[in-house]
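A.B. asks: The following block contains the structure, expressed as C-alpha cells.
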Amino acid sequence: DSGVTQTPKHLITATGQRVTLRCSPRSGDLSVYWYQQSLDQGLQFLIQYYNGEERAKGNILERFSAQQFPDLHSELNLSSLELGDSALYFCASSVPDGLNTEAFFGQGTRLTVV
Amino acid sequence: GDSVTQMEGPVTLSEEAFLTINCTYTATGYPSLFWYVQYPGEGLQLLLKATKADDKGSNKGFEATYRKETTSFHLEKGSVQVSDSAVYFCALSDGPGSGGSYIPTFGRGTSLIVHP
C-alpha cells in the first residue's frame with residue numbers, strides 16, 4: 467500500500483459529461499502529480515500542485531483542470547468528455563519534489579467514456 | 009525537453025532466464041534515474057534508483073547502472089520468476105524547472121511476461 471488513495475477506481479460516463487477524480491496523498495506529502503496513462507501515449511504528466519498552489523503544467527487539455535485543497539487532497543476535473551479521454555488516471559505524491567525524490571502512486575482511476 | 013526511451017514489449021521469458029530491458033534518456037541537466045514497476049491492477053511503485061554517474065541501483069535481484077557516457081540505465085535480472093511479470097517503467101527526474109519543480113518523466117513501459 468503506497469498510502470495514496472484515489473477514488474473512484476472505475477468510472478463509466480457518456481461523451482460530453484463532466485467527472486471529478488479525487489486523490490488523497492500520503493500523510494505529510496505536499497506535492498501531488500496527475501498522470502494520464504493510455505496504451506498509445508504511455509504515462510503523460512498532466513499537472514503538479516505543491517501545498518495548494520499549481521507548480522507545473524504538462525500536456526493538460528483546457529477541458530481539464532485540477533486543484534489542491536487546504537487538507538492537501540486534490541481533484542482532477544475533466545469536462546466535455548470525448549471518447550479519446552478514456553484512460554487510466556494516476557495521482558502520485560512526494561515529500562516535497564526534488565531531484566532524487568521517489569513518487570508514490572495511487573492505484574488509479576479507470577475512466578471509460580462511451 | 010527531457011525524454012525516456014525504452015524497448016517495446018512484450019518481453020516473454022521462461023522462468024530463470026536472464027532479463028535485460030533497455031532504457032536511454034535525453035535530459036538538459038544531470039538527472040536522477042529510476043525504474044518503477046506496475047503489477048496488474050496496481051499503481052506504479054519504485055523498484056530502484058541511481059542519482060549519479062556509475063551508481064548502481066539494486067532491489068529484489070534487479071540492477072541498473074547509471075551510464076552517463078551512453079545516457080542509458082538498462083534494467084537487468086539474472087534469473088526471473090513468474091512473479092516478476094509486470095510492466096516496467098524507466099523514468100528520470102531533472103530540474104528544477106519553472107516554478108522550482110522536478111517532474112518525473114516516464115518511458116512508455118515494457119511489459120514482461122514470465123512463463124513457468
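First to last, the protein sequences are chains A and B. Just add 466 to wherever you are in the first sequence, counting from 1, and you've got this note's numbering. Just add 8 to wherever you are in the second sequence, counting from 1, and you've got this note's numbering. Even for Gly, the Cβ is constructed at its ideal location relative to N, Cα and C. As the structure is a computational prediction, the values presented were derived from the model and not from experiment.
Could you tell me which chain B residues have their CB closer than 9 Å to the CB of Gly-572(A), listed as they occur along the chain?
C.D. replies: What you label residue 572(A) is simply residue 106 of the first sequence in a count that begins at 1. Those within 9 Å of Gly-572(A) in chain B are Gly-51.
A.B. asks: Is Leu-55(B) near the ligand HEM, in the sense that its beta carbon is under 7 Å from a heavy atom of that ligand?
C.D. replies: Ligands in the displayed structure: none, and consequently the ligand HEM is not present.
A.B. asks: Could you give the residue range of the beta strand (DSSP E) that holds Gly-508(A)?
C.D. replies: The residue given as residue 508(A) occupies position 42 in the first sequence. Where Gly-508(A) is concerned, the enclosing beta strand (DSSP E) stretches over 508-516.
A.B. asks: Under the assumption that Glu-519(A) contacts Ala-532(A) (Cβ atoms under 8 Å), give the Cβ distance between them as a whole number of angstroms.
C.D. replies: Along the first sequence, one-based indexing puts residue 519(A) at 53. Along the first sequence, one-based indexing puts residue 532(A) at 66. Between Ala-532(A) and Glu-519(A) the Cβ distance is about 12 Å, and since that is not below 8 Å, they are no contact.
A.B. asks: My parser needs the beta strand (DSSP E) runs of 3 or more residues fully inside the stretch 549-575 of chain A; what are they?
C.D. replies: The stretch 549-575 of chain A is shown to contain whole beta strand (DSSP E) runs of 3 or more residues at 553-560, in chain order.
A.B. asks: What residues in its chain sit with their C-beta under 7 Å from that of Thr-36(B), if we drop five residues either side in the sequence?
C.D. replies: Along the second sequence, read from residue 1 onward, the residue named residue 36(B) stands at position 28. Only Asp-10, Asp-102 meet the Cβ criterion.
A.B. asks: 8 Å is my cut-off, CB to CB: does Asn-566(A) come that close to chain B?
C.D. replies: Your numbering for residue 566(A) matches position 100 in the first sequence. Asn-566(A) counts as touching chain B.
A.B. asks: In the structure shown, what three-state DSSP assignment does Ser-87(B) receive?
C.D. replies: Here the question's residue 87(B) lines up with position 79 in the second sequence. If DSSP states are grouped into helix, strand and coil, Ser-87(B) belongs with coil.
A.B. asks: Would you tell me roughly how many angstroms separate the C-alpha atoms of Gly-524(A) and Ile-513(A), rounded to the nearest one?
C.D. replies: Along the first sequence, read from residue 1 onward, the residue named residue 524(A) stands at position 58. Along the first sequence, read from residue 1 onward, the residue named residue 513(A) stands at position 47. Their backbone Cα atoms lie some 6 Å apart in a straight line.
A.B. asks: State yes or no: is the C-beta of Cys-98(B) within less than 8 Å of the C-beta of Gln-46(B)?
C.D. replies: Working through the second sequence from its first residue, we reach residue 98(B) at position 90. Working through the second sequence from its first residue, we reach residue 46(B) at position 38. In this structure, Gln-46(B) does not lie closer than 8 Å to Cys-98(B) by Cβ.
A.B. asks: Closer than 7 Å between beta carbons: that is the criterion. Which residues of the stretch 484-495 of chain A meet it against chain B?
C.D. replies: Cβ proximity to chain B below 7 Å picks out nothing from the stretch 484-495 of chain A.
A.B. asks: Give the secondary structure of Asp-537(A) by DSSP, where H, G and I count as helix, E and B as strand, and everything else as coil.
C.D. replies: For the purposes of this step, residue 537(A) is taken as the residue at position 71 of the first sequence. Here Asp-537(A) sits in coil by DSSP.
A.B. asks: By Cβ distance, which residues of its chain are closer than 7 Å to Ser-109(B), with the 5 residues on each side in sequence left out?
C.D. replies: What you label residue 109(B) is simply residue 101 of the second sequence in a count that begins at 1. The answer, listed in chain order, is Gly-103.
A.B. asks: Give me the residue from Lys-68(B), Val-19(B), Phe-81(B), Lys-57(B) with the minimum Cα distance to Val-12(B).
C.D. replies: For the purposes of this step, residue 12(B) is taken as residue 4 along the second sequence, with counting starting at 1. It is Phe-81(B).
A.B. asks: To the nearest whole angstrom, what separates the beta carbons of Tyr-44(B) and Lys-60(B), a pair I think is in contact under 8 Å?
C.D. replies: Here residue 44(B) refers to the residue found at position 36 of the second sequence. Here residue 60(B) refers to the residue found at position 52 of the second sequence. That belief does not hold up - the Cβ atoms of Tyr-44(B) and Lys-60(B) are roughly 19 Å apart, past 8 Å.
A.B. asks: Between the stretch 75-94 of chain B and chain E, which residues of the former have a C-beta closer than 7 Å to a C-beta of the latter?
C.D. replies: Among the protein chains of the structure shown, namely A and B, there is no chain E.
A.B. asks: Do Ala-480(A) and Val-561(A) come within 8 Å of each other at the CB atom, strictly closer than that value?
C.D. replies: Reading the first sequence from its first residue, position 95 is the one you call residue 561(A). Reading the first sequence from its first residue, position 14 is the one you call residue 480(A). No, Cβ-Cβ distance for Val-561(A) and Ala-480(A) is not below 8 Å.
A.B. asks: Using 10 angstroms around the beta-carbon of Tyr-33(B), count the other beta-carbons present and answer buried if the total reaches 16, otherwise exposed.
C.D. replies: In the second sequence, residue 33(B) corresponds to position 25, counting from 1. Buried is the call here.
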